[in-house]
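The next block holds one structure in the form of structure tokens; read it before the comments.
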Amino acid sequence: MLQKKKNAVLVDGVILNGPIMDSKAGEKFVEEACKVIMEEVIQKADDVTEKVCEWQAPETLKQILDLEMRDTGESHQKLLQLCRDVIQYSVKTGHPRFFNQLYAGIDYYSLVARFITEALNPSVYTYEVSPVFLLVEEAVIKKMIEFIGWEEGDGIFNPGGSVSNMYAMNLARYKFCPEIKEKGLSGLPRLVLFTSEECHYSMKKAASFLGIGTENVYFIKTDERGKMIPEELEKQVQRARKEGSTPFLVCATAGTTVLGAFDPLDKIADICEKHGLWLHVDASWGGSALISRKHRKLLHGIHRADSVAWNPHKMLLAGIQCCAFLVKDNSGLLKKCYSAKAAYLFQQDKFYDVSYDTGDKSIQCSRRPDAFKFWLMWKALGTTGLEERVNRALALARYLVEEIKKREGFQLLLEPEYANVCFWYIPPSLRKMEDGPEFWQKLHQVAPIIKERMVKKGSMMLGYQPHQGKVNFFRQVVISPQVSREDMDFLLDEIELLAKDL
Numbered sequence: 003m004l005q006k007k008k009n010a011v012l013v014d015g016v017i018l019n020g021p022i023m024d025s026k027a028g029e030k031f032v033e034e035a036c037k038v039i040m041e042e043v044i045q046k047a048d049d050v051t052e053k054v055c056e057w058q059a060p061e062t063l064k065q066i067l068d069l070e071m072r073d074t075g076e077s078h079q080k081l082l083q084l085c086r087d088v089i090q091y092s093v094k095t096g097h098p099r100f101f102n103q104l105y106a107g108i109d110y111y112s113l114v115a116r117f118i119t120e121a122l123n124p125s126v127y128t129y130e131v132s133p134v135f136l137l138v139e140e141a142v143i144k145k146m147i148e149f150i151g152w153e154e155g156d157g158i159f160n161p162g163g164s165v166s167n168m169y170a171m172n173l174a175r176y177k178f179c180p181e182i183k184e185k186g187l188s189g190l191p192r193l194v195l196f197t198s199e200e201c202h203y204s205m206k207k208a209a210s211f212l213g214i215g216t217e218n219v220y221f222i223k224t225d226e227r228g229k230m231i232p233e234e235l236e237k238q239v240q241r242a243r244k245e246g247s248t249p250f251l252v253c254a255t256a257g258t259t260v261l262g263a264f265d266p267l268d269k270i271a272d273i274c275e276k277h278g279l280w281l282h283v284d285a286s287w288g289g290s291a292l293i294s295r296k297h298r299k300l301l302h303g304i305h306r307a308d309s310v311a312w313n314p315h316k317m318l319l320a321g322i323q324c325c326a327f328l329v330k331d332n333s334g335l336l337k338k339c340y341s342a343k344a345a346y347l348f349q350q351d352k353f354y355d356v357s358y359d360t361g362d363k364s365i366q367c368s369r370r371p372d373a374f375k376f377w378l379m380w381k382a383l384g385t386t387g388l389e390e391r392v393n394r395a396l397a398l399a400r401y402l403v404e405e406i407k408k409r410e411g412f413q414l415l416l417e418p419e420y421a422n423v424c425f426w427y428i429p430p431s432l433r434k435m436e437d438g439p440e441f442w443q444k445l446h447q448v449a450p451i452i453k454e455r456m457v458k459k460g461s462m463m464l465g466y467q468p469h470q471g472k473v474n475f476f477r478q479v480v481i482s483p484q485v486s487r488e489d490m491d492f493l494l495d496e497i498e499l500l501a502k503d504l
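Residue numbers (my numbering): 3 to 504.
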């Protein structure tokens, strides 16, 4: 019901004159919040005297943050304090001594790009609503394809390497059996795929999600360095065929999560060509070595892959999330596989070239402009600057390895070929103990205790895990350009200090 009252337009009792948001107050809040971000996050990012984390137990933290949402809004001063609390009790992943994951550090150009995209709030599906970011994504994908060594190709940015691996699995299946898109799984033979026993866990998740089934993932044995053994792959492909199964895909890994191993891509590609299998390379972690003329040999043979996952948010610091799925095929296979041709978005009679409406290549509708932060950072640093980051990270890893060899109580699992440095710390009480089950059982308990102490102290964060029958060990990963040689020394000193009574 529509009625007018003293120039006010009311519909269902709601006044529609003018906006209801106080823009001036909102702008003031943004300005003050940005000051908090600058002072508490950005200016402290490389300060090693700051804590990496301010540990609180979950129930305590719930009380500190006042998580309850109420009927009436909070004051701006209360909100700004909440912002400070969130920053204080969050892990500072930009800290030079955050070594916990396969991402770290802060890149200021990428950060500004994220500020811009958050403010503009775009969705990258059509040129009409996202002209700049679609062109940026096209340019970045083209450049990444050049580094892989393909003459042409296609690609899409998506939310995570796990999703890229799922894209690859589904695309390989579609290439093998295009009718699956309309007819589904019924009537298909038993499809099987092959991947390393050191692969990322997303392979199992993708097989489950896509209806392939985890039992149809053949895990290929690896050597002592964590690399897939090509001869074992050949045996398993032949075995699958003898069992009446239908192989369609091999997923190799360039930079495994724990050991940082690179599968022998050339030999694996030979087997794929022989048996007509799609070769996908999960280079989410190791792909950035392609930027380095010194280290790109780690991925020798990657140009023979049919698809590649590559995450610039890891080694190159493009900011989470920034993940590309790249395909050698340039005939529109990606679009054929994923398109739904939504008439309300992808009209074919638009006034511009609709080939720039690339959103139908994605399984998403709304999609973030993740390529932009990589693009702005690349523009700022140049390829040379990105290469320097990779080279320095691996040089620091090499320095740490040599220092570990010099120190009593530290023991390498293996010589690393990338930025993953895996080692045990053997405390004084265990150093004269005979090597046997009791020794390894006791050593298994050491890393979790040291980790708890470092987190509660806030001095650094370092990951640990058991792996392939080996007891808990530390995995140190060098990424951030803010990390120095002194931080490597500190890491070893701090472990000794935290474990002196063990």
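Each residue gets a CB set at the ideal place from its N, CA and C atoms; glycine is no exception. As the structure is a computational prediction, the values presented were derived from the model and not from experiment.
Item, Value
"6 angstroms CB neighbourhood of Val480 in its chain, flanking five on each side removed", "Ala395, Leu398, Ala399, Ala421"
"Same chain only: Cβ atoms within 7 angstroms of Val423, ignoring 5 sequence neighbours per side", "Ala399, Leu402, Val403, Gln478"
"Alpha helix (DSSP H) segments (min. 4 residues) lying fully within the region 174-212", "182-185, 204-211"
"Contact between the region 362-382 and the region 106-116 (3+ Cβ pairs under 8 angstroms)", "yes"
"Where the alpha helix (DSSP H) containing His277 begins and where it ends", "267-277"
"Segment limits, alpha helix (DSSP H) that includes His446", "439-446"
"Alpha-carbon spacing of Ile89 relative to Arg433, whole angstroms", "41 angstroms"
"Close beta carbons around Val38, own chain, < 8 angstroms, minus the five adjacent residues each side", "Leu82, Cys85, Arg86, Ile89"
"Exposure of Val16, with buried meaning 16 or more beta-carbon neighbours within 10 Å", "exposed"
"Residue burial classification, Phe353 (beta-carbon count within 10 angstroms, cutoff 16)", "exposed"
"CA-to-CA distance, Leu69 to His282, given in whole angstroms", "43 angstroms"
"Anticipated Cβ contact below 8 angstroms, Ile365 with Tyr340, distance rounded", "6 angstroms"
"Under the three-state DSSP convention, the category Gln413 falls into", "strand"
"Any non-hydrogen atom of the ligand FMN within 6 angstroms of Lys296 CB", "With respect to the ligand FMN, the structure offers nothing, as it holds no ligand at all."
"CA nearest to the CA of Glu226, picked from Asn474, Arg487, Gln470, Arg298", "Gln470"
"Met456 - partner residues in DSSP beta bridges", "None; Met456 has no bridge partner."
"Spatial neighbours of Ser210 in its chain, beta-carbon cut-off 8 angstroms, leaving aside the 5 residues before and after", "Thr216"
"Beta carbon of Asn19 nearer than 7 angstroms to that of Ala27", "no"
"Simplified DSSP assignment, three categories, for Asn102", "coil"
"Backbone secondary structure at Met3 - three-state DSSP", "With a pLDDT of 45 at Met3, under the threshold of 50, the modelled position of that residue is not reliable, and the figure given next carries that caveat. It is coil, neither helix nor strand."
"Secondary structure, beta strand (DSSP E): runs of 3+ residues fully inside the region 315-341", "325-329"
"Leu235 and Phe178 closer than 7 angstroms at C-beta", "no"
"Buried or exposed (CB count within 10 angstroms, at least 16 for buried), Gly321", "buried"
"Nearest neighbour of Gln349, chosen from Tyr129, Glu76, Val93 [CA to CA]", "Tyr129"
"Assigned exposure category for Met3 - 16 Cβ within 10 Å defines buried", "Bear in mind that a pLDDT of 45 at Met3, under 50, signals an unreliable position, so the number given afterwards is only what the model happens to contain. With fewer than 16 Cβ atoms within 10 Å of its Cβ, Met3 is classed as exposed."
"Per-residue burial, Ser294 [other beta carbons within 10 Å of its own, 16 or more giving buried]", "buried"
"N-terminal and C-terminal residue of the beta strand (DSSP E) that Met463 is part of", "463-469"
"Nonlocal neighbours in the same chain, by C-beta distance under 8 angstroms from Ile182, ignoring five residues either side", "Arg175, Tyr176, Leu190"
"Backbone secondary structure at Leu504 - three-state DSSP", "coil"
"Residue of Val239, Pro314, Lys229, Gln79 minimising C-alpha distance to Asn218", "Val239"
"Spatial distance of Glu200 from Gly257 (CA atoms)", "10 angstroms"
"CB-CB length for Glu516 against Asp491, believed under 8 angstroms", "An answer regarding residue 516 cannot be provided, because it is not within the stretch 3 to 504 covered by the chain."
"Candidates Met205, Leu267, Leu500, Asp48: closest to Ile150 by CA position", "Leu267"
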